[in-house]
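Only one structure is covered here, and it is reproduced in the block below.
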Amino acid sequence: MTTSLRTALLSATAVVVFSSSAWVLGAQQAGGEGAAAAQGQGGGRGRGRQSGPVTPTPRLPDGTVNFGRVPGEKGVWAVPYITNMAMRVVGKDGQVLPEIQQAQTAARAGGGGARGGGGGGGRGGSKSEPWIPWMPWSAAVYDYNSKNESKYDPEGYCLPPGGPRMMATPYQMEIIQQPEHKRIIMIFEGATHIWREIYMDGRKFPGDDELNPTYLGYSVGRWENPDTLLVENKGFNENSWLDYFGHPHTDKMEVVERWTRPNKQTLHYEATVTDPGAYSRPFTMAWDIPWRDGGELPEYICQENNRYLNRLEDDLGQPIFGPRPQPGQKRPAGTR
Amino acid sequence: MRTKFAVVIAGLVLLASARTIVAHHSFSAEFDANKPFKLTGTVTKVEWMNPHTFFYIDVKDEKTGKVTNWAMEMGSPNGLMRAGWTRNTMKAGDVVEVEGSLAKDGSPTGNARSVMMNGKRLFAASSQGNTQ
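Chains as they are written, first to last, in our numbering: chain A, -5 to 330; chain B, 793 to 924.
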């Protein structure tokens, strides 16, 4: 599947690179959905939907932050839907870059496509995000994903979001700390109902050859200070996108995450992406995730009845999954 | 026209206030937010399944009398339950009014935003939700 996808991507990319300049002009006039969608977010701090008073950060007996439940209470993290991470890039001060704020203001003034939803609205492609340290190929792939409105999003195939996108896919999650086992477990309702294990035992990363590339990568964590959990991640495969908008990455990607809980109701997430295969320098993104008091994780099995797969056709009108019709035949009944 | 516009705005406000938005695949790759529809029909089947609940309605063309079976996509069962649904909320035989966006490919397929049933409007936890 990956091979055929990649072939489709590559061939289509060539077409897009050819025609992208004219299209980008048009799309820029329409305004970026990401820009408009990120309206009103105010700096790197995302919107918290909590009502009621803000209460102090809960802590474990050793003084480090408790990222989970207080004994006797229920609750989960209500992960927000962030479709375009480029609009969450922050500077050294932790605030959204001034040029992003300007782009948002411009989009608002132009009434630019604030239609939400897994997409919609104008999408300006790589040229509308000059603060992203593009390489020519990553810009071209992003332009392609922008132009076809994320049609080939791996998450649409029920594959894991992977990397920072785990914290930008709008299903609930929980963080379970087990200091006695020197590990932290993160469990996710959606985005394929998966878990992460963060090794807190001070281990070193396995050598490149021993690291099997995976969707979520290999995660080693430590307390940078009693308030900040620092998690280093390597060993990602190339089957995921950084976000719904389709920023690509390679298996050279390394992600450093900083997790803080400034108060009981807020998880602050920061991720620095270093991917010399796709971007010429590292960049950092950040947002807030609100606590949902009393929440629990229900089961969610994405693969159950994913009709999108059966409806999906490549750029030449051929089905990507399932049987291909022979020349002169129509697609088998029931696949549409 | 003005009424229609008001309905759309009301729908958007409803969406914006909804607590949980479930995203799965690309909404805009399949559906056209600029092609809203409002259809009334009789439910023929409900698929209460992940990642999207589907239901099917028979819609009769008033002029020709021709009946077309439409497929309607909603959010996941979890998303729908958070929006007040249960698996028994909708059954075959129910008459419903559905609002949403049409499929781009012209097939009788829609992304449902809301469903009016027994005088009550239910949010469909669809992937055309609000984003950040």
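Virtual Cβ for every residue (Gly too), placed ideally from N, Cα, C.
Note that the structure is a prediction, hence the values are computed from the model and not measured.
Spatial distance of residue i from residue j (CA atoms)
i: Arg177 of chain A; j: Glu298 of chain A; result: 31 Å
i: Asp853 of chain B; j: Tyr165 of chain A; result: 39 Å
i: Ser906 of chain B; j: Glu307 of chain A; result: 28 Å
i: Gly902 of chain B; j: Gly885 of chain B; result: 19 Å
i: Gly867 of chain B; j: Thr163 of chain A; result: 14 Å
i: Lys833 of chain B; j: Thr856 of chain B; result: In the sequence on display, residue 833 of chain B carries Gly and not Lys. About 15 Å.
i: Ala904 of chain B; j: Val84 of chain A; result: 36 Å
i: Val249 of chain A; j: Ile295 of chain A; result: 27 Å
i: Gly316 of chain A; j: Tyr302 of chain A; result: 12 Å
i: Lys837 of chain B; j: Ala895 of chain B; result: 19 Å
i: Met882 of chain B; j: Pro900 of chain B; result: 20 Å
i: Thr860 of chain B; j: Ile849 of chain B; result: 8 Å
i: Ser274 of chain A; j: Val90 of chain A; result: 20 Å
i: Arg159 of chain A; j: Asp237 of chain A; result: 6 Å
i: Thr244 of chain A; j: Gly229 of chain A; result: 10 Å
i: Phe182 of chain A; j: Pro321 of chain A; result: 43 Å
i: Gly110 of chain A; j: Asn826 of chain B; result: Here Gly110 of chain A scores only 36 on pLDDT, less than 50, and its place in the model is too uncertain to base an answer on.
i: Met180 of chain A; j: Leu291 of chain A; result: 12 Å
i: Asp56 of chain A; j: Gln171 of chain A; result: 12 Å
i: Pro313 of chain A; j: His187 of chain A; result: 27 Å
i: Leu914 of chain B; j: Trp877 of chain B; result: 8 Å
i: Thr222 of chain A; j: Arg874 of chain B; result: 32 Å
i: Phe847 of chain B; j: Lys246 of chain A; result: 43 Å
i: Ala97 of chain A; j: Tyr138 of chain A; result: 21 Å
i: Lys141 of chain A; j: Arg305 of chain A; result: 19 Å
i: Leu205 of chain A; j: Ala916 of chain B; result: 42 Å
Enclosing beta strand (DSSP E) for residue i [first to last residue]
i: Ser906 of chain B; result: Thr901 to Met909
i: Ile179 of chain A; result: Arg177 to Phe182
i: Phe915 of chain B; result: Lys912 to Phe915
i: Gly892 of chain B; result: Val887 to Ala895
i: Glu251 of chain A; result: Glu248 to Asn257
i: Trp71 of chain A; result: Gly69 to Ala72
Terminal residues of the alpha helix (DSSP H) in which residue i lies
i: Ser163 of chain A; result: It should be pointed out that residue 163 of chain A corresponds to Thr in this sequence rather than to Ser. Premise fails: Thr163 of chain A is in no alpha helix (DSSP H) and is neither H nor E.
i: Lys883 of chain B; result: Note, Lys883 of chain B: premise wrong, no alpha helix (DSSP H); not H, not E.
i: Ile94 of chain A; result: Pro92 to Ala103
i: Pro130 of chain A; result: Pro130 to Lys141
i: Ser820 of chain B; result: Phe819 to Glu822
Residue i: contacting residues in chain B (beta-carbon distance under 7 Å)
i: Ser144 of chain A; result: Ser818 and Ala821
i: Asn206 of chain A; result: Under the 7 Å cutoff, chain B gives no residues; its nearest Cβ is about 27 Å from Asn206 of chain A.
i: Asn300 of chain A; result: Pro843
Residues near residue i in its chain [Cβ-Cβ closer than 8 Å; skip 5 each side]
i: Pro50 of chain A; result: Asn257 and Lys258
Under 9 Å from the C-beta of residue i: neighbouring residues of chain B
i: Arg53 of chain A; result: What Arg53 of chain A touches in chain B: nothing, since even the nearest Cβ is about 28 Å away.
i: Arg255 of chain A; result: Within 9 Å Cβ-Cβ: nothing; Arg255 of chain A doesn't reach chain B, min ~19 Å.
Same chain, Cβ closer than 6 Å to residue i, neighbours up to 5 away in sequence not counted
i: Val887 of chain B; result: Thr834
i: Ile391 of chain A; result: For chain A, the structure presents residues -5 to 330; residue 391 of chain A sits outside this window and is missing.
i: Glu226 of chain A; result: Val214 and Val250
i: Asn300 of chain A; result: Cys152
i: Arg63 of chain A; result: Gly69
Listed by chain order, chain A residues near residue i by CB distance under 7 Å
i: Ser868 of chain B; result: Tyr294
i: Met908 of chain B; result: Within chain A, no residue comes near Met908 of chain B; the closest Cβ sits about 21 Å away, beyond 7 Å.
Cβ neighbours of residue i in the same chain (closer than 7 Å, five flanking residues each side left out)
i: His241 of chain A; result: Met79, Ala80, Tyr136 and Trp235
i: Met909 of chain B; result: Met882, Asp886 and Val888
i: Met161 of chain A; result: Val73, Tyr263 and Ile283
i: Pro48 of chain A; result: Note that residue 48 of chain A corresponds to Val in the displayed sequence, not to Pro. Contacts found: Asn257 and Gln259.
Per-residue contacts from residue i into chain A (C-beta, under 8 Å)
i: Glu891 of chain B; result: Those do not exist, as Glu891 of chain B stays about 14 Å from chain A at its closest Cβ, beyond 8 Å.
i: Glu839 of chain B; result: Asn299
Chain A residues whose Cβ lies nearer than 9 Å to that of residue i
i: Phe847 of chain B; result: What Phe847 of chain B touches in chain A: nothing, since even the nearest Cβ is about 12 Å away.
Beta carbon proximity, residue i to chain C, threshold 8 Å
i: Asp309 of chain A; result: Given the protein chain composition of this structure (A and B), no chain C is represented.
heavy atom of the ligand NAP below 7 Å from residue i C-beta
i: Cys296 of chain A; result: Within the structure as shown, the ligand NAP is missing, as the structure has no ligands at all.
Could you tell me which whole beta strand (DSSP E) segments of length 3 or greater appear in the segment 843 to 879 of chain B? For the segment 843 to 879 of chain B, whole beta strand (DSSP E) runs of length 3 or above, ordered along the chain, are 846 to 852 and 859 to 865.
Ordered list of beta strand (DSSP E) runs contained in the segment 260 to 327 of chain A, each at least 3 residues: Fully enclosed beta strand (DSSP E) runs of 3 or longer: 260 to 268 and 277 to 287.
At 4 residues or longer, what runs of the alpha helix (DSSP H) sit wholly inside the segment 174 to 226 of chain A? The qualifying runs do not exist here; there are none.
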